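Mapping of the sequence shown onto our numbering: position 196 corresponds to residue 234, and the numbering continues sequentially without gaps. Worksheet for the structure shown next.
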Amino acid sequence: MSQASALDHRQPSPAVVRQAIEWMMRLNSQAASPRVRERCEQWRAAHPDHECAWQRVLSLSRFQALPASGAAFDALETSAQRLGRRQALKLLSGLLVVGSSAYLARDLTPWQQWRADFATHIGERSGFALADGTRLQLNTDTAVDQHFSPTQRLIKLSKGEIFITCGADAQSATPRPLLISCRHGTFEGLSGIGRPGRFVVRQDEDRTRLSVTDGRVLIRSPGGSSVTVSAGQSYSVDGQRASLLPELNMDPGAWADGLIVTRNMRLGDFLAEVARYRHGYLACAQDVADLRLSGVFRLGDTDKLLAILPQTLPVQLKYRTRWWVTLQRNA
Numbered sequence: 039m040s041q042a043s044a045l046d047h048r049q050p051s052p053a054v055v056r057q058a059i060e061w062m063m064r065l066n067s068q069a070a071s072p073r074v075r076e077r078c079e080q081w082r083a084a085h086p087d088h089e090c091a092w093q094r095v096l097s098l099s100r101f102q103a104l105p106a107s108g109a110a111f112d113a114l115e116t117s118a119q120r121l122g123r124r125q126a127l128k129l130l131s132g133l134l135v136v137g138s139s140a141y142l143a144r145d146l147t148p149w150q151q152w153r154a155d156f157a158t159h160i161g162e163r164s165g166f167a168l169a170d171g172t173r174l175q176l177n178t179d180t181a182v183d184q185h186f187s188p189t190q191r192l193i194k195l196s197k198g199e200i201f202i203t204c205g206a207d208a209q210s211a212t213p214r215p216l217l218i219s220c221r222h223g224t225f226e227g228l229s230g231i232g233r234p235g236r237f238v239v240r241q242d243e244d245r246t247r248l249s250v251t252d253g254r255v256l257i258r259s260p261g262g263s264s265v266t267v268s269a270g271q272s273y274s275v276d277g278q279r280a281s282l283l284p285e286l287n288m289d290p291g292a293w294a295d296g297l298i299v300t301r302n303m304r305l306g307d308f309l310a311e312v313a314r315y316r317h318g319y320l321a322c323a324q325d326v327a328d329l330r331l332s333g334v335f336r337l338g339d340t341d342k343l344l345a346i347l348p349q350t351l352p353v354q355l356k357y358r359t360r361w362w363v364t365l366q367r368n369a
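Right, dumping it as structure tokens:
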């Protein structure tokens, strides 16, 4: 893959884009010195996201959109402290020129978080209590919208992973179904007796995984099939069918407690999971990808988590930068 193609697939955060805008404005200043240019080059080289943001801002500057973009970011940050996400987004749309607004909204996925009712960024986890009594927990890089009406309770998962704890509808005398919709299907939490229902919904690019901890969940896939999932079961839904999964090699809901719990998991798969909670690049050499590990790992500090691996596996960590980490077999 070429460098330009690789940059096209990166997703720098709004904060990094704002830094790129600030560097561009400093360089465009008549007072810009060689030292400023040197520091800008150092910033661009410090992380791939910096160079990606720089190239995108550079393309915007050709349309003379920088002043409006910079003002928009400042206004968004200030207004977001006193307004909700939706109001802040409206303010942003009034400040950005059309070209830069469309460009950033298309390429920077954090704008999905700004539009969502509930959201987390990479490495963040958060929980919310809904008015109907439902407990909603969001994993890293997740966006969710809530649409409650007199006839149903709908939670729309736009991206990421959620842990639902549900029971009787505390808002309505007539019970309304609790529905979770995503790209590949719809899931309905079924009312039970005694303990509340608990289940995890994880939306990936090509499929959505449902794992039920307590109670039952009805899967309604776009293909027309319906499946009732019981506690202890996990299903994969790809938009056409729902397939029962064998026992998972990772506890699907442990992240809600800040943990990754593995059972004989491939190192390559484990690193792909850890990578969801940190910025940058994380991978391993092919000759160690099939090594297996079991254990309980804390998500609070992924650098400390990675430092544990050489203590249990014949691997060593290689840090090109803080955000570019690989694991290789011990020499």
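All residues carry an ideal CB built from backbone N, CA and C; glycine is no exception. If you're wondering where the values come from, they're calculated on a predicted model, not measured in any experiment.
{"Query": "Specify, as a first and last residue, the run of the beta strand (DSSP E) that LEU283 falls within.", "Result": "Premise fails: LEU283 is in no beta strand (DSSP E) and is neither H nor E."}
{"Query": "Which residues in the same chain as GLN271 place their Cβ atom closer than 7 Å to its Cβ, once the five residues preceding and following it in sequence are excluded?", "Result": "VAL250 and LEU282"}
{"Query": "I'd like to know whether the C-beta atoms of ASP183 and THR158 end up nearer to each other than 8 Å.", "Result": "no"}
{"Query": "Short of 8 Å in beta carbon distance, which residues of its chain neighbour ALA169, apart from the five on each side in sequence? Order them along the chain.", "Result": "PHE186, ALA208 and GLN209"}
{"Query": "Taking the C-alpha atoms as reference points, what is the distance between CYS204 and ARG367?", "Result": "45 Å"}
{"Query": "Just the Cα atoms here: how many angstroms apart are GLY318 and THR189?", "Result": "44 Å"}
{"Query": "List in chain order: all unbroken alpha helix (DSSP H) runs of 4+ residues lying wholly within the segment 149-195.", "Result": "none"}
{"Query": "Can you look up LEU96 in the DSSP assignment and give me helix, strand or coil?", "Result": "helix"}
{"Query": "Can you tell me whether DSSP reads ILE218 as helix, strand or coil?", "Result": "strand"}
{"Query": "Keeping to the same chain, check which residues put their C-beta closer than 8 Å to that of GLY132; ignore five residues upstream and five downstream.", "Result": "In this prediction, GLY132 scores a pLDDT of 37, lower than 50, which makes its location untrustworthy; no coordinate-derived value is stated."}
{"Query": "Going by DSSP in three states, ALA321 sits in which element: helix, strand or coil?", "Result": "strand"}
{"Query": "Can you confirm whether the segment 239-254 touches the segment 210-217 when touching is taken to mean that 3 or more C-beta pairs between the two stretches lie within less than 8 Å?", "Result": "no"}
{"Query": "Is LEU320 closer than 8 Å to LEU309 when the C-beta atoms are compared?", "Result": "yes"}
{"Query": "For TYR357, count neighbouring C-beta atoms within 10 Å of its own C-beta (all shown protein chains included) and say buried if the count is 16 or more, exposed if not.", "Result": "exposed"}
{"Query": "Can you give the Cα-Cα distance for ALA292 and GLN241, rounded to whole angstroms?", "Result": "17 Å"}
{"Query": "THR224 to ASN287, Cα distance in whole Å?", "Result": "25 Å"}
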